[in-house]
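Taking it in order: structure first as structure tokens, then the write-up.
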């Protein structure tokens, strides 16, 4: 009953999240009707007759069998006899369909077309416009073509799986027939028909609660844009019931942000429940009894006792057979003569004390009356007891026999401070007296005396949609009751209010519902703890909200696109009165404003915001009659957040496959790649050049086994030594998956090989020789191993993931002892394992990957606690840790799950999802700009390069002889710790966030610890165990301007021939390398190669690093361009000896590249009669010209003007001037100018 308000108030544009058991998407009530279609009255009787009349789909003037409309009868399960079901076609309840395959029944299997889900064979809803019970000629049909469910979320083994669009065909439905009737009350059906929901125009987000926790599904609903959240569940044991739980606080927070939060009062009251008791504890103690009946087969009972007094509570248990024991509230499980007992006492932040008890009998709990003697040594106080068991739900099962009361029976999370908590009443009189509160409906007050019930809605007996599984027939209706029935009534009402007054938000909706509620002789004086403010009355709520009857403009869709220059926001807006104006209001970090949204055609309005960061925005609109509309519902209090893309594709790179192993072979700090049996060299510009075929690996690992500073390679039984960037096979070792590790702490890398059921350790003897030293045998095939010093004692411990178990071995002086259960790691299976300091506390945590949800064990001083679900990293399968946004903490890329999780202070949230399957990933600085990229590998090459567009600052550290080193980097208050098991030659990449500098401490395996300060962001450094020294040298940056170019040659010439201290570990890589000062200090930077003298080799290194700059990618420069530019500078060096030596470096390469050794101009023939040819040679490029003059210096003709490239060209002159006229005989001067230099020659024309 809308009380005369517009029929267009259907909740349109409002999105509702239903947290329940799922929804049967095959029910036609959850599909939206499309545009009207006409039907053919083939028998001419003026009414639609199923099986006779139809739709002429192909327009050929006749009906074929697949065009004849068949009857889809709505089934009703009505034990109360309330509804009379017509045997014949009833347009008020039934549907029609086309039997496309002619099998005589409607096939309901989902199909998809153009990315849109279709409800099986075409179905139609009849529109009986005059309500006479027949569909007459001219009254249309409407096709069911759009699902009201936008998306769903399901838990599979603890991991959330979301579905949208065609993926909803795989939605599991509603096995419990609970979410389906709830959804039917909210939005099922179509206006003008029987059994239509409160807000049939709304949209639905479906959450299958089973297998998920609120920390998973509530943020998902927020991310999906839910305007209303419906919590269709309740609990009462093991909860404080005072508003202090995590979920209750989340509900309060979301309510304050404007998202409507709806909870049920629960069904804990009434004479059949007996799940709650209240008693006053006296000094001598009180006994409360619990009956455990035989017929239920109860194995476990759960009790919670709550009290607000500061006094303690003592509980003694007396079993039916006389066994007596005192509950020990320490959170431990104990066994008492075959009975498992658990007791625990906690105090909430709000001062509520909770004593939780669980009693479990493995073969079934003892039948009969159990007594619980409650005592306290303090003053008298009140205790509330709550009871549940492992079999029954709200009623039946174990029950209290004493002190039972209906007061204080509102279930969690209906006890949240800000929630709109809904009670149930009976408008039909089928369960309770008509108009009275349902006896089962939970009552207040809360444990702290606060009133929590806000409003009551119909709870029995309501007819709504049923699942096919519950009824045996698709499209069925049946009875539904409980506060689970009352709650969706209020959800639909909230959608109506938000459509009418989109600015209301949670607080406004709550106030409108309460102020508009009806009170009568049943409710008594309101508000009270049973009814709240009274009975739901939507017309009264609309009046209380100030709705005038003129619907505000409606936003259908909002799209926000991010570009490097800012945001573009577009909205589709509609209103029958026309749109007067549309405004976009936005806020960002340190910026806010409003911009008009311009009309773009149709109903589309758009605006641009010159902000590149995250924006929070809302839209305000006015129609032609002045009605004010908002998006999202609840604005301006509520705003929609648009974050920039977490990562975006910036390029592609060949060579990658699933088995890809990056390492720096040639020491230039650019990652090279061993993939699919080949070695690829990184030549810059995201280009990989295949230089060597090695072998096809099952596995490979890089490590500097010989201690010479470059990484060597082990490939499935073969050892390859790195010599100058080439790999040379030395010896064969047993095949298997390998890993390098200095397990015995002697300073060189040993080899670990997984073979069968064994982990084999080969001690490094030097000179490429190894001997088997240790082996660890396990009881099943090994999937993976990982080394890490989890206990901080300086040696590497081993984690083994194998079939059926994960084993942790502590390294004790090079020997190993299994300590898994001792330290708290008890895992039945694992495919991959890795050590990671995810929480930044300086010790290694353990991440275990497997097909079921992954596990994360937080390290607490050498013992572990599993926290994957708590922090949000319990995704399935392979994953990789990295700091993708460079904010200083590690994020997680799920390869199997195709998503990226951002670490926000130890809690993770999804920020990106791949549309395509992923088969591998790599994280390194592939272009040499000191900013790492993510390479994602699909089914086949190339690798796709991704980067965060708004990343933080970064510093790259190449630790010399890094195997076994521990690195601690501090930037501001942030500490990051990395441990290097084996040196692959690559830098470590540390995100600094907004900081522009850092300090690093490195501890080498021999115990030496050194500290470097003043490391600048955007730069790479090479750090060795010799110490910080005096300064850092970037090879080639002689003049200290941060880039390598012609100015560095000029500076090099100034210090040519000087000598000074050598650098400890000189490298050609573009990285800061510690050095001692020379005299003068400026000459230090001229020693590019670090050999202690300034000479030709330093010039060669300047040429190698030409174009490099801090924080910029390695440039892809043509060698001819580099050499010619260098020649241009060298040719102007004043010191002739230095110039000669520099040219001696350039000229051999110039000759090889075909670059002339000097600027030259030559003419032939000379003298000439009809024409001559000029040969021009350029050792460098630049703008210039070749022009002819007469002997008086007057221009005759310009043969060429433009940009010259190094090399040789030929230009002809035909003896004519600029106008094409022949010039007279005589001497002419040809002048060539390029790059500030000039050459001239004379030519003689003889006519």
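Residue numbers (the numbering used here): 1 to 1247. Beta carbons: idealized from backbone N, C-alpha and C, even for Gly.
If you draw a straight line from the alpha carbon of residue i to that of residue j, how long is it in whole angstroms?
i            : j            : result
residue 729  : residue 719  : 6 Å
residue 863  : residue 991  : 28 Å
residue 15   : residue 554  : 13 Å
residue 749  : residue 344  : 50 Å
residue 798  : residue 742  : 12 Å
residue 193  : residue 25   : 19 Å
residue 1221 : residue 1169 : 15 Å
residue 938  : residue 656  : 9 Å
residue 334  : residue 164  : 47 Å
residue 1232 : residue 889  : 60 Å
residue 535  : residue 915  : 47 Å
residue 359  : residue 389  : 10 Å
residue 1234 : residue 1177 : 11 Å
residue 491  : residue 978  : 50 Å
residue 291  : residue 330  : 26 Å
residue 56   : residue 27   : 26 Å
residue 1216 : residue 1245 : 11 Å
residue 3    : residue 481  : Here residue 3 scores only 48 on pLDDT, less than 50, and its place in the model is too uncertain to base an answer on.
residue 71   : residue 133  : 15 Å
residue 813  : residue 933  : 39 Å
residue 648  : residue 925  : 16 Å
Short of 6 Å in beta carbon distance, which residues of its chain neighbour residue i, apart from the five on each side in sequence? Order them along the chain.
i            : result
residue 918  : 895, 898 and 936
residue 238  : 304 and 356
residue 1127 : 1146, 1179 and 1180
Name the one or two DSSP bridge partners that residue i has.
i            : result
residue 693  : 678
residue 592  : 587
residue 479  : 463
residue 1073 : 1033
residue 643  : Per DSSP, none; premise fails for residue 643.
residue 776  : 759
residue 900  : 893 and 912
residue 849  : 832
residue 604  : 572 and 601
Which same chain residues, not among the five before or five after residue i, have their C-beta less than 7 Å away from its C-beta?
i            : result
residue 804  : 780, 828 and 829
residue 1249 : Not covered by the structure: residue 1249. The range shown for the chain is 1 to 1247.
Quick one: what's got a C-beta closer than 8 Å to residue i's C-beta in the same chain, skipping five residues either side?
i            : result
residue 1164 : 1172, 1173 and 1175
residue 809  : 776, 797, 798, 799, 800, 816, 817, 818 and 819
residue 901  : 872, 873, 875, 891, 892, 893, 894, 908, 909, 910 and 911
Measure from the alpha carbon of residue i to the alpha carbon of each residue in the options, then state which is nearest.
i            : options                : result
residue 271  : 979, 402 and 109       : 402
residue 908  : 695, 219 and 385       : 219
residue 688  : 941, 717, 514 and 547  : 941
residue 588  : 1177, 347 and 639      : 639
residue 282  : 309, 274 and 275       : 309
residue 418  : 452, 1185 and 430      : 452
residue 1042 : 1070, 694, 560 and 736 : 1070
residue 985  : 546, 1193, 736 and 713 : 713
residue 317  : 294, 332 and 341       : 341
When you compare the CB of residue i with every CB in chain C, is at least one pair closer than 8 Å?
i           : result
residue 568 : Absence of chain C from the displayed structure is noted, only one protein chain being present.
If contact is defined by three or more beta carbon pairs under 8 Å, each pair taking one atom from either stretch, is the stretch 370-382 in contact with the stretch 249-264? The stretch 249-264 is not in contact with the stretch 370-382.
Does the stretch 482-491 come within contact of the stretch 604-622, defined as at least 3 CB pairs closer than 8 Å? Segment contact: the stretch 482-491 against the stretch 604-622, fewer than three CB-CB distances shorter than 8 Å; contact not assigned.
Evaluate the contact criterion for the stretch 1136-1152 versus the stretch 1217-1234: three or more CB pairs, one atom per stretch, below 8 Å. Segments in contact, no.
Can at least three beta-carbon pairs, one atom from the stretch 437-446 and one from the stretch 525-534, be found at a separation below 8 Å? The stretch 437-446 is in contact with the stretch 525-534.
The stretch 452-459 contacting the stretch 281-296, beta-carbon criterion three pairs below 8 Å: Under the 8 Å Cβ criterion, the stretch 452-459 does not count as touching the stretch 281-296, having fewer than three qualifying pairs.
Is it true that the stretch 553-567 meets the stretch 621-633, where meeting means three or more beta-carbon pairs spaced less than 8 Å apart? At 8 Å Cβ cutoff, the stretches touch.
Check whether the stretch 462-472 and the stretch 215-229 touch, using three or more Cβ-Cβ pairs below 8 Å as the test. Flag = no, the stretch 462-472 and the stretch 215-229 do not touch.
For the stretch 150-161 against the stretch 203-214, are there 3 or more C-beta pairs whose distance is under 8 Å? As far as the Cβ criterion goes, the stretch 150-161 touches the stretch 203-214, which means the pair count is three or higher.
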